[in-house]
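Each residue of the sequence shown is one higher than the one before, starting from 29 at the first, in the working numbering.
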Amino acid sequence: MALLLSLPFHLTSHHRSFFRSRVGLRRKLPYLIFSDCEVILELRACLFTLLKKHASARSSSLQSRSPVSSVLQTPARYDLRDLATSAIPSRVLGKPTHTQVHDITTMYACYRISLLFLKAFTRTSSISLLRVLPKPSPSPLAHSYRTTESASEKQCLRTNYLINSCGFSPENASQLSRVVTFVKSDAPDAILELLKSLNLSDSMIRDIIKRAPQILSCDHARTITPKIEFFKSKGASSSQLAQMVTHNPWLLHHSLENQIIPNYDLMRSLLHSDEKTVTSIQRSSTIVTDYYLAQKVKLLHDYGMSESRIAQVIAYWPILLSRSVDKLKMVADELTEMGFHPSKSTFMEALRTKVVISKSLWERKVELYRRWGWSDETILEAYMKGPVCMVASCGKIDAVMDFLVTRMGWDSFYLAKNPRVLNFSLEKRLVPRAFVLQFLQSRGLIKKVTTSSPFVISEEMFLQKFVNCFKDEAPQLLKLYEEKLNLLR
Numbered sequence: 029m030a031l032l033l034s035l036p037f038h039l040t041s042h043h044r045s046f047f048r049s050r051v052g053l054r055r056k057l058p059y060l061i062f063s064d065c066e067v068i069l070e071l072r073a074c075l076f077t078l079l080k081k082h083a084s085a086r087s088s089s090l091q092s093r094s095p096v097s098s099v100l101q102t103p104a105r106y107d108l109r110d111l112a113t114s115a116i117p118s119r120v121l122g123k124p125t126h127t128q129v130h131d132i133t134t135m136y137a138c139y140r141i142s143l144l145f146l147k148a149f150t151r152t153s154s155i156s157l158l159r160v161l162p163k164p165s166p167s168p169l170a171h172s173y174r175t176t177e178s179a180s181e182k183q184c185l186r187t188n189y190l191i192n193s194c195g196f197s198p199e200n201a202s203q204l205s206r207v208v209t210f211v212k213s214d215a216p217d218a219i220l221e222l223l224k225s226l227n228l229s230d231s232m233i234r235d236i237i238k239r240a241p242q243i244l245s246c247d248h249a250r251t252i253t254p255k256i257e258f259f260k261s262k263g264a265s266s267s268q269l270a271q272m273v274t275h276n277p278w279l280l281h282h283s284l285e286n287q288i289i290p291n292y293d294l295m296r297s298l299l300h301s302d303e304k305t306v307t308s309i310q311r312s313s314t315i316v317t318d319y320y321l322a323q324k325v326k327l328l329h330d331y332g333m334s335e336s337r338i339a340q341v342i343a344y345w346p347i348l349l350s351r352s353v354d355k356l357k358m359v360a361d362e363l364t365e366m367g368f369h370p371s372k373s374t375f376m377e378a379l380r381t382k383v384v385i386s387k388s389l390w391e392r393k394v395e396l397y398r399r400w401g402w403s404d405e406t407i408l409e410a411y412m413k414g415p416v417c418m419v420a421s422c423g424k425i426d427a428v429m430d431f432l433v434t435r436m437g438w439d440s441f442y443l444a445k446n447p448r449v450l451n452f453s454l455e456k457r458l459v460p461r462a463f464v465l466q467f468l469q470s471r472g473l474i475k476k477v478t479t480s481s482p483f484v485i486s487e488e489m490f491l492q493k494f495v496n497c498f499k500d501e502a503p504q505l506l507k508l509y510e511e512k513l514n515l516l517r
């Protein structure tokens with residue numbers, strides 16, 4: 029059937045005009061031929077049956093003529109369409125499911141063009157009809173059918189492996205089997221053993237494969253093992269490696285020489301320690317596979333951030349550098365226009381808030397501060413003094429405000445003067461220290477506290493200023509403070 033696409037050899041003018049009248053059909057033929065392998069194989073069988081019927085119907089009266097040429101005469105008393113109808117299986121005559129061109133008119137035209145091709149192909153009357161039809165041979169259609177069948181078998185093998193060896197559900201395994209390429213290989217088993225050696229649980233391994241299924245197709249000796257050995261040589265423990273891979277499975281897929289090592293060397297040049305560098309990668313392993321890390325570091329340096337500030341970003345908030353270069357530039361421009369200076373620590377903190385917090389979440393926090401009486405000017409003032417006030421969750425902001433304003437009797441504007449208090453722990457700092465202050469006030473040892481300084485100073489300074497200096501007047505205070513701390517913890 030595929031030969032129909034390269035038809036006219038030596039057709040007569042009559043045949044050429046017939047073929048030109050089927051231009052629309054000719055355009056449909058590729059879709060007809062390659063749309064459904066099973067249907068096309070039946071169509072091929074139909075062609076054999078049809079030609080046999082023509083030959084049988086005419087053989088008795090046309091013994092001296094070629095079977096092919098006799099068929100091409102097509103006398104009026106032989107309706108080729110009727111013969112086609114009787115030759116086509118009922119399944120094909122039914123409403124097609126994959127194509128809209130399997131109607132009887134199109135079938136008839138296909139057979140008619142086939143017969144024209146046969147006439148052009150054979151000229152002598154000594155060639156029988158069955159000899160004219162070529163024997164089945166490797167064709168694009170047959171190859172496509174076999175390839176489809178083979179691909180289906182391979183996908184089935186991959187699905188079974190993902191179910192039996194990895195513990196995936198049939199639905200997830202079926203989806204992943206379309207992405208992975210292994211069929212019969214020891215690589216997947218070796219990779220699974222390598223991941224288990226990092227003390228990863230089965231659920232963690234499934235999550236890694238789900239996010240980066242191509243890992244199972246890798247050559248572990250050339251692709252994965254060298255990366256594991258590289259990080260181990262830098263002092264990374266198995267638990268750190270497990271966290272790196274869990275956070276970013278593509279870490280095992282990126283180039284070691286062209287990407288991971290250059291980024292690692294850049295980070296170490298700023299942090300001056302393998303331990304700090306590995307810890308930074310543990311926090312956000314995408315930083316070591318970032319194509320534009322050097323460009324982002326240069327951008328921050330060009331804005332005026334010192335190397336020590338950039339090192340702080342890499343050490344404690346490496347996720348900030350996961351944003352695009354354009355995003356970082358846009359945020360840096362916005363902060364400088366607001367009045368932040370890149371050389372100050374507040375610029376780094378503000379950069380963190382603007383990059384990490386979404387616009388919708390930002391608006392919710394602004395609205396929350398408004399409900400506690402802050403104006404837009406007060407919110408901006410607090411943000412300029414301590415950008416981390418926007419890092420705290422809405423629940424945390426509400427809880428701290430309720431404790432200090434409602435229970436302690438503070439004015440909410442006190443917090444705007446030192447907004448860092450909003451990030452302190454209620455259980456570990458604010459409540460225990462507030463208990464000490466209230467105890468001292470009740471004994472008349474101190475005046476009412478109207479500033480946030482007792483909550484901001486270090487633990488050592490607080491004990492010295494508010495506990496130890498009153499050990500004669502209130503010897504039980506230290507014990508009460510420690511009990512309060514332990515109780516809340």
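Every residue gets a Cβ at the ideal spot worked out from N, C-alpha and C, and that includes glycine.
Measuring only the C-alpha atoms, how far is T406 from I347?
Roughly 29 Å separates the two Cα atoms.
G423 in three-state terms, based on DSSP
Here G423 carries a helix assignment [DSSP, helix/strand/coil].
In terms of alpha-carbon separation, which member of F441, S313, W402 lies closest to H282?
Considering only alpha carbons, the answer is S313.
With 16 as the cutoff for other CB atoms within 10 Å, does Y319 come out buried or exposed?
With fewer than 16 other beta carbons inside 10 angstroms of its own, Y319 counts as exposed.
Here's the rule: buried if 16 or more other CB atoms are within 10 angstroms of the residue's CB, otherwise exposed. What is H248?
Buried.
Note the first and the last residue of the continuous alpha helix (DSSP H) segment covering A322.
DSSP places A322 inside the alpha helix (DSSP H), whose first and last residues are 321–330.
I need the straight-line Cα distance from M358 to F258, nearest angstrom please.
C-alpha separation (whole angstroms): 36 Å.
Taking its Cβ as the centre, do 16 or more other Cβ atoms sit within 10 Å of G414, making it buried, or is it exposed?
G414 is classed as buried because its beta carbon has at least 16 other beta carbons within 10 Å across all chains shown.
Decide if Q323 is buried, meaning its Cβ has at least 16 other Cβ atoms within 10 Å, or exposed.
That one is exposed.
Going by other Cβ atoms of all chains shown within 10 Å of its Cβ, with 16 needed for buried, is C497 buried or exposed?
Looking at its Cβ environment, which holds fewer than 16 other Cβ atoms inside 10 Å, C497 is exposed.
Cβ-based burial, N276 [other Cβ within 10 Å; buried from 16]
It is buried - the Cβ of N276 has at least 16 other Cβ atoms within 10 Å.
Please classify L519: does DSSP put it in a helix, a strand, or coil?
Coverage of the chain is limited to positions 29 through 517, which leaves residue 519 absent and any answer about it impossible.
Report the residue from M295, Q504, A427, T434 whose alpha carbon sits nearest the alpha carbon of V325.
Just measuring C-alpha positions, the residue of M295, Q504, A427, T434 sitting nearest V325 is M295.
Does L389 pass the burial test, meaning 16 or more other C-beta atoms within 10 Å, or should it be called exposed?
L389 is exposed by the Cβ-count criterion.
Going by CA-CA distance only, name the one from E487, P447, S350, E455 that's closest to V383.
Across the set E487, P447, S350, E455, the C-alpha of S350 shows the shortest separation from the C-alpha of V383.
Using only CA atoms, which one of L432, G367, S197 lies nearest to E409?
In terms of Cα proximity to E409, the closest of L432, G367, S197 is G367.
Going straight from the alpha carbon of K499 to that of L508, what length do you get?
Looking at the backbone, the Cα of K499 and that of L508 are separated by about 12 Å.
CB-CB under 6 Å to I315, same chain, minus the five flanking residues each way: which ones, in chain order?
Annotation for I315: P346, L349 place their beta carbon closer than 6 Å to its own, counting only its chain and skipping 5 residues before and after.
Within 10 angstroms of the Cβ of E303, are there 16 or more other Cβ atoms? Answer buried if so, exposed if not.
For E303, the number of other beta carbons within 10 angstroms of its own is below 16, and it is reported as exposed.
So for L108, helix, strand or coil by DSSP?
In this predicted model, L108 has a pLDDT of only 39, less than 50, meaning its place in the structure is not dependable; the value taken from the coordinates is given anyway. Helix at L108.
Measuring CA to CA, which of F431, K475, V416, V464 is closest to Q492?
When each option's Cα is compared against that of Q492, the closest is V464.
So, under 8 Å CB-CB, L204 and F196 are touching, yes? Tell me the CB distance rounded to an integer number of Å.
Between L204 and F196 the beta-carbon gap is near 7 Å, inside 8 Å, which marks them as a contact.
For I309, does the three-state DSSP call read helix, strand or coil?
Correct three-state label for I309: helix.
Could you tell me the boundaries of the alpha helix (DSSP H) in which I233 lies?
I233 -> alpha helix (DSSP H) spans 230–239.
Helix, strand or coil, according to DSSP, for C194 in the structure here?
Looking at C194 - three-state DSSP - the assignment turns out to be coil, as it is neither helix nor strand.
Assigned secondary structure, I385 (DSSP; H/G/I helix, E/B strand, else coil):
Here I385 sits in coil by DSSP.
Buried or exposed for T479, going by 16 or more other Cβ atoms inside 10 Å?
By the neighbour-count rule (16 or more Cβ atoms within 10 Å), T479 is not buried but exposed.
Quick one: what's got a C-beta closer than 7 Å to R461's C-beta in the same chain, skipping five residues either side?
Once the five neighbours on either side are set aside, the close Cβ partners of R461 are P482, F483, F490.
Out of curiosity, what's the CA-to-CA distance linking K255 and V341?
Cα to Cα, K255 sits roughly 25 Å from V341.
For the alpha helix (DSSP H) that F467 lies in, which residues bound it at each end?
Where F467 is concerned, the enclosing alpha helix (DSSP H) stretches over 459–470.
Tell me the DSSP secondary structure of M436 in three-state form.
Reduced to three states, the DSSP call for M436 is coil.
At the level of alpha carbons, what is the spacing between A270 and A215?
Roughly 20 Å between the two C-alpha positions.
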